[in-house]
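Student: First the structure, then my questions, so here it is.
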Amino acid sequence: MRLVPGDPERLGGFWLAARLGAGARGVVYDAYDDEGRRFAVTVPRAPTREAHRFAQLTCRHLARVVAAGADAGVPYLVSEFVDGPDLRRAVELHGPYTGDELVALAAALASALRALHEAGLTHRGLDPCSVLLASGGPKLIELGLEAETSLAGSYTYLAPEVVTGQEPDAAADVFAWGAVVMFAATGRDPFHGDSLGGVMHQLLAVDPDPSGLPASLCELVGRALAKDPADRPAASELLVESATELSMPDGHVRAPSLGERAELVYLSLSPTQQQEVPSLLLRLLDGDSPHDEGDVLRPLMEGGLVVRRSVRVPPAETPVGKLVAVSDDRVSPVSAALYRAWPRLRRWVADERDGLAAHRRIREAARRWSDHRRGRGRLLRGRELDAALGWAATKRRHVRLNQLERDFIADSLAMSRQRRRLLAPSLAAMGALLAVAVTMFVVSVQGQNDLRGRLLEADARAVAARAEALRSSDPRTAMRLSVAAWRLSPELEARVALQASLVQPELAVFTAPGTGGTHRLHGDDLLRWDAGAVTVWDVAGGRRAASYPLPPGTRAVSDDGRFAEGADGKPFEVATGRAPGATVFAISKGNRTTVYDGTRVLFDVTDRRVAVAPGGSTVAMSALDGQVELWEVTPERARAGVVRVEPLTGADAAAPALAFSPSGGTLAVAGRDGVTLVETPSPRPAASSQPPQPASVRTRPMEPSGAVPASVQHAKAADGEPHELHEFHVTRLTPAPAAGKSPPREPVVQKQEATGWGVEMLDGVETVPGASAGWLAFSPDGRLLALPGDGEVQVWNVADHHLTGAYPLRGQAGGLAFSSDGRVLRYLTATGSVVSLDVSGLPSPSGDDHVAAFSGDGRVAAQEVGNAIELTDAVSRRALGRIDASGDLAFDATGRLLAVAGDPVTVWQVADGRRVASVAAGGAVLAVALSPDGRTLATARGSVLETWDVRTGHRIAAYEGAGDPALAFSPDGTTLAAGARLVDLRTGQVTPLERAARAGAQGETTALAFSSDGRRLAFGLRNGRVLLWDVRTRRSLGTIETGPSQVDELRFSPAGDLLAVDATRTSLWDTRTLRETGQVGAWAGGLAFSQDGRRLRGVTLDGAVRETAVDPALAAQEVCARAGGPLSKAEWSRLIPESGYRKIC
């Protein structure tokens, strides 16, 4: 409910957003603090009692009291916001509570009363409306608030002595507890009357019957409802044992916060409208009445974010009620809380806060100029103009100048240039002052040029911000905008946007014109079926490919759009209208699916999901209980086996989704424990008289492993002899079970005897929507499997059971499909839009995990494959050979030599794969490093650090206590870094870096890297931090926070201006500002810049060397190609109105 005229805007430090309700105890508001945290603020009708004492209570069943006070004479009490229905509403949704749930409710309320009474406090108003059923259990609210007892409904839970005039105490709370428990058990007020007199009679003379309650509550409730307070138990006696946890009832609609509602409205806008929102709301914050240049006010008003401004008037009686306020033509935010509750808007305000006053001066000056017929005397000049241009160039991020303001500044600049031209002749006549005049003129021009440059920098930052805002809703435009931002000015924000465009998975979002209908995604096509036609849209080309009219009364269309079912229940081909030939297909109608072979019905099932194998030889059907039946339908129908997986659970649970691979040899089944991959039996030849071959199950989990293989079960034929079975490969795409928990039940396969032809009815549970294929998708070559996860689309490698990619989902996926070339994965959103994801860079199947490393110059790569090491020329991608060794790897600077850890440590010549040294360090060495010239080998064995002469194999020195798994030589080879220590190899002196050591105590060193000039050293830590040090001065240069994941590898660019950090993701950092400049793809190992520093290389899961552009100019070229070209002039004018068009690609 909106705030009404007279409601306060702010109480204390809490901004009121809306009314949650009003009752006998006061008015309750939805409120937010300056950080956007949500609270409930109550303006009580009666004075609050001892609010500070309620704030000290910590019981989980009491709503936490945060603050209390008075603001301008208005008292208020602040408590935590509890999302959940009150008990009265919960009983309406859930029905009366019984058994363990009722006991759990009673125990929770008793626990809350005990906490109150032990603190010397009472509730004084316990009733069903003061009990909220939250996700964490019941919570008692309205602490410290007294109710006005002018309504009969308020009396029904008061103790008899309170009704007769006594002060409520702990015993009165216990009476109310008993009455609330009775209400929860029966759904009726225990002391109900048609009038106040009737209620009082019930309270004073009638004893409710608690005999229908559970045994543990029956006596307690009876005693609690005693008329004499002395006969009631204490709150501590009301505690009963309950192992049940209550949660909010099904059917409750969660109340989204103001910020969540605002974000949903924002995401529903078009990209153009989204660009207008920051400026519009910031202008409203500053008291402006903005022009609706982007047609954005209407959706903001419909979404409840902006309202017509209300103006209070003297109260006046009207035929429809008392008039207290009128609206005018101006708009305002729904409340000032919007600027705190919405994180995105909070950031916009923070970005613009310092410049709002400057914009206000420009805005007001422009209006005065317009009001005076745009006279030149009202234009800006001198310092005022410089200040305006300075704000527009350096301070403006989200506020967009409207047309009047742009004209005002443009005319002011034009007048400034004219004045300079007019002054030039008179300056020439002043010979004595010529030198000074020329100097001042040059300074003026340079100042104007500097301001123009700063204006371009601000434009670049603003355009980069627009690119980020469009990243998910219009990725292709976002890519083009990022290039435009970089071309305008090479600001850091523009570089970050450009790098993001290079690696963003989203390629495009396609929305077919028109509304309504049912959408289906099928390969490269989007199908839309409505009452009159099936329309096929080419997603990649963004054009309508075909449209086929449908006869009246068409019931349903198949998922691929090829077949439909007419009003007479018979199938037909959509394109021709003729009866289908001999092909197997499925058509779903709500929760019912019919499988046809031509015009003949093979199956007619309800509450099943159905998948038909390519070629139509096999049909799979899943049921709500997790059972999946496989049927061979050619040459005759026979049940081939039954696979059982863990069924889905929950109120909206459906049958497991199904999908066949393109070859038809693998069936994917999405159960509760993950996706099961089933190797289907081969179809029987037509002439064969042998019985059908059933199948068996073998399980092998994808990463991470942990599932236990199931036993192979053999089905018996009619003669009782088991047949040889095919193997079913079962893969779960979920983590292994936690310790102490049983592993998931393995799928079971059974053989069913063949049955005759005919229609088989397999009726299931009522009204669970079904879909014929579900939302699993194989790539065209069957190599990849895509499935929706928790807020993301996961792509798994079928052959090696690795997760190869995960991409964020924009809402719930309504379908998945790979493009015909397998390079793009598309998903259908709930609104009918198709999002295209780039999966062309996903790795091919690989063997076991491997270690990878690059030479110092990035030209040679090595990766461990099995028990050998494969060498690759990283520039030409040519294989250089194979070395029979395994362990930690370290190159010299040029890739001439490679050291491999182990026992012994070996050193190999890359060119011919010859071993040139073998060092017996006296135990297993886990970490090695080679000096840049390849002459010195460093090894870490436990706490001992040793250096060795590579040519002779002799030990040079040993350093006790300096051993560390992280080792790195300086570029000149004179210094060795080992964890947080520096070893001078010339003198043997070991210098601990104290601050690095202290930081390492919180996260041990996991990676080291020197800059190419040897002046800086980067420490990567297990806690995700990277420390930068000046090697000469032993001074910290700063800390980079990359996230919580361990830093695995570091590498400086050849120029030293960038640092690549490999953790969960690979990121790039500017070493001067210590700000992130972008991300590159996640790699399995290895990190190296190309020799010119323009590209970053890494080794993927399949051992391939891949690289990403990190030079902005090179990245811009690649982004242009990825986006399909630059912005058109019309797009530029619409998206970047503050700057003239320029060619960017």
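Taking our numbering, the leading residue of the sequence shown gets 8, the next gets one more, and so forth.
Virtual Cβ for every residue (Gly too), placed ideally from N, Cα, C.
Every value quoted in this text rests on a predicted model; they were computed, and no experiment measured them.
#1: Answer with yes or no whether the minimum CB distance from residue 1120 to chain B is below 8 Å.
#2: Can you tell me whether residue 1143 is helix, strand or coil according to DSSP?
#3: For the beta strand (DSSP E) that contains residue 550, what are its first and last residues?
#4: Is the beta carbon of residue 619 less than 8 Å from the beta carbon of residue 602?
#5: Report back the beta-carbon spacing between residue 9 and residue 341 to the nearest angstrom; my notes put them in contact at under 8 Å.
#6: Just the Cα atoms here: how many angstroms apart are residue 1057 and residue 357?
#7: Where do the N-terminal and C-terminal ends of the alpha helix (DSSP H) with residue 280 fall, by residue?
#8: Which residue or residues does DSSP assign as beta-bridge partners of residue 208?
#9: Quick one: what's got a C-beta closer than 6 Å to residue 1083's C-beta in the same chain, skipping five residues either side?
#10: Count the other C-beta atoms from every protein chain shown that fall within 10 angstroms of the C-beta of residue 142, then say buried if there are 16 or more, exposed otherwise.
#11: DSSP three-state label for residue 64, please.
#12: With 16 other CB atoms within 10 Å as the buried threshold, where does residue 984 fall?
#13: Taking the C-alpha atoms as reference points, what is the distance between residue 733 and residue 806?
#14: From residue 974 to residue 503, what distance separates their C-alpha atoms?
#15: Tell me which residue opens and which closes the alpha helix (DSSP H) that residue 963 is part of.
#16: Excluding the 5 residues flanking residue 929 on each side, which residues of the same chain have their C-beta closer than 8 Å to its C-beta?
#17: Taking the alpha helix (DSSP H) that residue 49 belongs to, which residues open and close that run?
#18: Helix or strand or just coil, what does DSSP make of residue 234?
#19: Using C-beta distances below 8 Å, list every residue in its chain close to residue 422, excluding the 5 sequence neighbours before and after it, in chain order.
#20: May I have the straight-line CA-CA distance separating residue 282 from residue 476, to the nearest angstrom?
#21: Alpha carbon to alpha carbon, what distance is there between residue 51 and residue 192?
#22: Could you pull out every residue in the same chain whose Cβ sits closer than 7 Å to the Cβ of residue 692, ignoring the five residues on either side in sequence?
#23: Sort 345, 291, 306 by Cα distance to residue 363 and report the nearest one.
#24: Which residue or residues does DSSP assign as beta-bridge partners of residue 667?
#25: Return the CA-CA distance between residue 872 and residue 891, expressed in angstroms with no decimal places.
#26: Cα-Cα, which of 135, 611, 279 is closest to residue 1140?
#27: Near residue 844, which residues of its chain fall below 8 Å by C-beta distance, leaving aside the five closest residues on each side in sequence?
#28: So what does DSSP say about residue 215, is it helix, strand or coil?
#29: Thinking C-alpha only, which one of 115, 1148, 1018, 230 is nearest residue 253?
#30: Should the region 935–949 be regarded as contacting the region 897–914, the criterion being three or more beta carbon pairs within less than 8 Å?
#31: How big is the Cα-Cα spacing for residue 1142 and residue 343?
#32: Cβ of residue 896 within 8 Å of Cβ of residue 858?
#33: What first and last residue would you give for the beta strand (DSSP E) that runs through residue 180?
#34: Where does residue 631 sit, in a helix, a strand or coil, going by DSSP?
#35: According to DSSP, is residue 785 part of a helix, a strand, or is it coil?
#36: Along the chain, where does the beta strand (DSSP E) that runs through residue 1087 open and close?
Tutor: This is what the structure gives:
#1: Within the model displayed, chain B is absent; a lone protein chain is all it includes.
#2: In the structure shown, residue 1143 sits in coil (DSSP, three-state: anything other than H, G, I, E or B).
#3: 550–556
#4: yes
#5: 7 Å
#6: 34 Å
#7: 278–292
#8: Bridge partners of residue 208: none, in fact.
#9: Result list for residue 1083: 1074, 1076, in chain order.
#10: It counts as exposed.
#11: Coil, per DSSP.
#12: buried
#13: Below a pLDDT of 50, predicted positions are generally treated as unreliable, and residue 733, at 37, falls in that range; no measurement from the model is reported.
#14: 31 Å
#15: Taken as a continuous stretch (DSSP letters only), residue 963 belongs to no alpha helix (DSSP H), being part of the beta strand (DSSP E) at 962–967.
#16: Scanning its chain for C-beta atoms nearer than 8 Å, with the 5 sequence neighbours on each side dropped, one finds around residue 929 the residues 948, in chain order.
#17: Run containing residue 49: none in the alpha helix (DSSP H); it sits in the beta strand (DSSP E), 45–51.
#18: coil
#19: 383, 386, 388
#20: 8 Å
#21: 31 Å
#22: Caution applies to residue 692, whose pLDDT of 46 falls short of 50 and renders its modelled position unreliable; the model cannot decide the point.
#23: 291
#24: 674
#25: Rounded to the nearest whole angstrom, the C-alpha separation of residue 872 and residue 891 is 10 Å.
#26: 279
#27: 512, 513, 514, 800, 814, 831, 832, 833, 834
#28: coil
#29: 115
#30: yes
#31: 29 Å
#32: Taking the C-beta atoms as reference points, residue 858 is found nearer than 8 Å to residue 896.
#33: Residue 180 -> not in any beta strand (DSSP E); alpha helix (DSSP H) instead, spanning 177–193.
#34: In the structure shown, residue 631 sits in coil (DSSP, three-state: anything other than H, G, I, E or B).
#35: strand
#36: 1083–1087
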